[in-house]
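Asks: So in the numbering used here the end of the sequence shown lands on 589, straight run, no missing numbers. In this text, a Cβ means the ideal position worked out from N, Cα and C, and glycines have one as well. I have a structure here, written as structure tokens, and I will follow up with some questions on it.
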Amino acid sequence: MYRKDPEFYARFGFPGALGAETNPLIHQRQRKELEPFFSSKGVEACYPKIWAKVDIMCQGLQQRQAAGESVELVYLFKRLTLDVIYLLAFGIDLLNTDRYGSEAAILSDVTIALGAMMFFKWVPGLSRLVFSLPLCVIRTFFGSYVKMCRHSHQLVQRNYSRTLEESGKDRCLDSTIFDSVLRSFAKTQDGSNLTRVQTGKAVDDVALSTTLVYLCKCPKEMVKLRHEVECLRETNVQDIQLATISQIPHLVIGFHLDDINRNPKFFPEPNEFIPERWSGEEGKKLQRWFVPFSKCSRRCIGMDFALVEMKLVVAAIISRFEIWLDNPNVSLNSRELLVKIPGDDLRIRLREITF
């Protein structure tokens, strides 16, 4: 649920950031500038960047299989999602997906920083107190949070300089999301305030992990989905068309919104995995309650990008691999770390489907 209270956003240490804009007129103007990038044309233009990363991910899964290793889903999809976010937002490839076996320090920093934000969320005034202290003191207790802020600052300044150098070039679409953000901010603020732009971490990794775990626990639904994506089995990931994955009925991604999604008034048998509930006329009626990205003018502007990435990932994996849980008794109990994340390791094993 979107909150317009400036004090709420001040708790997290980035008042004035784009996602925390509480002035409806400024927010509307900024969103209008961003909409072309997130339009259907914009999604289609960025689709090759997404499938290129998914293709690399599938190659990595083949290597994990050859080595006889299990795959931790949240870790796998965190690396993929972060790569996609940075590619689309800044045109920078972090190569986390390509270097699956290597350490990704930024992932650890993100997780620790989210833990720090939990304190800010539940203790009003704490962030104001913390950020009034000298940086050397803050670093002692919230080192990863400070590193994230510095990383964002450097990233913004570097891209700000690049965009200024390219300002004379003609482009039908901005090459990155940052370009659109820069144009939006330039109309309302000076360049120095761009340091308030913060890079975000989506929850695609949790949604993807949850979806694959449910499919493993519900073999009948796995069979139905595999039948629908069978046409993709002999297709290279890069040749899977956006229109194709958008039309697969059982390619449904799971989200956690307990208050709504577990309300039997709207969703009969809310604790059962029933992808068919979203099909046909009844499925159309349920769309009004589909709010993982919020609704109306405050709806997540990146929703279409997130859904395309997740559908492509599920289609690519299910059409190419047989998967099963490393621990059949694993639970989907979650813990809150600003956003809800699985409490257990969600590991799968896989075997490539031979033609």
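Can you list, in chain order, the residues of its chain whose CB lies under 7 Å from that of Phe324, leaving out five sequence neighbours each side?
Replies: Once the five neighbours on either side are set aside, the close Cβ partners of Phe324 are Leu389, Asn393, Thr410, Phe412.
Asks: Candidates Lys518, Gln299, Leu541, Cys280: which alpha carbon is nearest Asp438's?
Replies: Here the closest residue by C-alpha is Leu541.
Asks: Start and end of the beta strand (DSSP E) containing Trp285?
Replies: Careful: Trp285 lies outside any beta strand (DSSP E), inside the alpha helix (DSSP H) at 274 to 300.
Asks: Taking only the alpha-carbon atoms, compute the straight-line gap between Leu331 and Thr315 and give it to the nearest angstrom.
Replies: The residue you asked about is not Leu; residue 331 is Thr in the sequence shown. Rounded to the nearest angstrom, the two C-alpha atoms are 9 Å apart.
Asks: Tell me whether the beta-carbon of Leu546 lies closer than 8 Å to the beta-carbon of Ile284.
Replies: Yes, the Cβ-Cβ distance between Leu546 and Ile284 is below 8 Å.
Asks: Based on DSSP bridge pairs, tell me the residues matched to Leu559.
Replies: Leu559 is bridged to Ile582.
Asks: Run through DSSP, which three-state label would Val305 get?
Replies: Strand at Val305.
Asks: Alpha carbon to alpha carbon, what distance is there between Tyr281 and Leu367?
Replies: Their Cα atoms are separated by approximately 44 Å.
Asks: Taking DSSP as the reference, what is the three-state secondary structure of Pro526?
Replies: Here Pro526 sits in coil by DSSP.
Asks: Alpha carbon to alpha carbon, how far is Glu510 from Cys530?
Replies: The alpha-carbon atoms of Glu510 and Cys530 are separated by roughly 26 Å.
Asks: Does the pairing of the region 287 to 295 with the region 373 to 386 give three or more beta-carbon distances under 8 Å?
Replies: No, the region 287 to 295 does not touch the region 373 to 386.
Asks: How should Pro576 be labelled, buried or exposed, when 16 other C-beta atoms within 10 angstroms of its C-beta is the threshold for buried?
Replies: By the 10 Å Cβ count, Pro576 comes out buried.
Asks: Rounded to a whole number of angstroms, what is the C-alpha to C-alpha distance between Lys519 and Ile479?
Replies: Rounded to whole angstroms, Lys519 to Ile479 spans 22 Å at the Cα level.
Asks: What's the gap between the Cα of Gly517 and the Cα of Leu580?
Replies: Distance between the alpha carbons of Gly517 and Leu580 is about 29 Å.
Asks: If you draw a straight line from the alpha carbon of Leu363 to that of Gln297, how long is it in whole angstroms?
Replies: Spanning the two alpha carbons is a distance of roughly 48 Å.
Asks: Does DSSP classify Pro498 as helix, strand or coil?
Replies: Three-state DSSP puts Pro498 in coil, outside helix and strand.
Asks: Over what stretch of residues does the alpha helix (DSSP H) that includes Asp439 continue unbroken?
Replies: Segment 438 to 451, the alpha helix (DSSP H) holding Asp439.
Asks: Would you tell me roughly how many angstroms separate the C-alpha atoms of Trp523 and Phe500, rounded to the nearest one?
Replies: Taking the straight line from one Cα to the other gives about 8 Å.
Asks: Measure the alpha-carbon distance for Arg384 versus Gly302 and round it to whole angstroms.
Replies: The straight-line gap from Cα to Cα measures roughly 39 Å.
Asks: For Ala551, which of Phe539, Asn497, Leu442 has the nearest alpha-carbon?
Replies: The question names Ala, but residue 551 in the sequence shown is Ile. The shortest C-alpha separation from Ile551 is found at Leu442.
Asks: Span of the alpha helix (DSSP H) holding Leu539?
Replies: Correcting the residue type first, residue 539 is Phe in the shown sequence and not Leu. Element bounds for Phe539: 537 to 554.
Asks: So, with DSSP's three-state summary, where would you put Pro576?
Replies: In the structure shown, Pro576 sits in a strand (DSSP, three-state: E or B).
Asks: Can you tell which of Ile326, Tyr320, Arg333, Glu455 has its C-alpha closest to the C-alpha of Tyr207?
Replies: Coverage of the chain is limited to positions 235 through 589, which leaves residue 207 absent and any answer about it impossible.
Asks: In terms of residues, what are the limits of the alpha helix (DSSP H) holding Ala477?
Replies: Run containing Ala477: 476 to 480, per the alpha helix (DSSP H) assignment.
Asks: Please state if the CB of Phe539 and the CB of Glu586 are separated by a distance shorter than 8 Å.
Replies: For Glu586 and Phe539, no; Cβs fall outside 8 Å.
Asks: With a CB to CB cut of under 6 Å and the five nearest residues on each side skipped, what residues in its chain are close to Gly434?
Replies: Low local confidence applies: a pLDDT of 44 at Gly434 is under 50, so the model's placement there is unreliable, with the coordinate-based value given in what follows. For Gly434, where only same-chain residues beyond five positions count, there are no Cβ hits under 6 Å.
Asks: If distances are taken between C-alpha atoms only, which option among Ile346, Cys534, Ile557, Gln521 comes closest to Pro453?
Replies: When only C-alpha atoms are compared, the closest one is Ile557.
Asks: Just the Cα atoms here: how many angstroms apart are Val277 and Leu321?
Replies: For Val277 and Leu321, the distance between alpha carbons rounds to 13 Å.
Asks: Taking the beta carbon of Glu543 as the centre, do at least 16 other beta carbons fall within 10 Å, making it buried, or is it exposed?
Replies: Buried is the call here.
Asks: Given this structure, state the Cα-to-Cα distance separating Gln391 from Phe271, to the nearest angstrom.
Replies: Going by the C-alpha atoms only, they are around 21 Å apart.
Asks: I need the straight-line Cα distance from Ala339 to Gly514, nearest angstrom please.
Replies: Approximately 45 Å between the Cα atoms of the pair.
Asks: If you drop the 5 nearest sequence neighbours on each side, which residues of the same chain put their C-beta closer than 6 Å to that of Arg467?
Replies: Only Ser553 meet the Cβ criterion.
Asks: Can you tell me whether Leu332 is helix, strand or coil according to DSSP?
Replies: Leu is not the amino acid found at residue 332; the sequence shown has Asp there. The answer is coil: DSSP assigns Asp332 none of H, G, I, E or B.
Asks: I'd like the list of long-range same chain contacts for Thr588, defined as Cβ closer than 8 Å, with 5 residues on each side in sequence excluded.
Replies: Within the same chain, Thr588 has no close Cβ partners at all.
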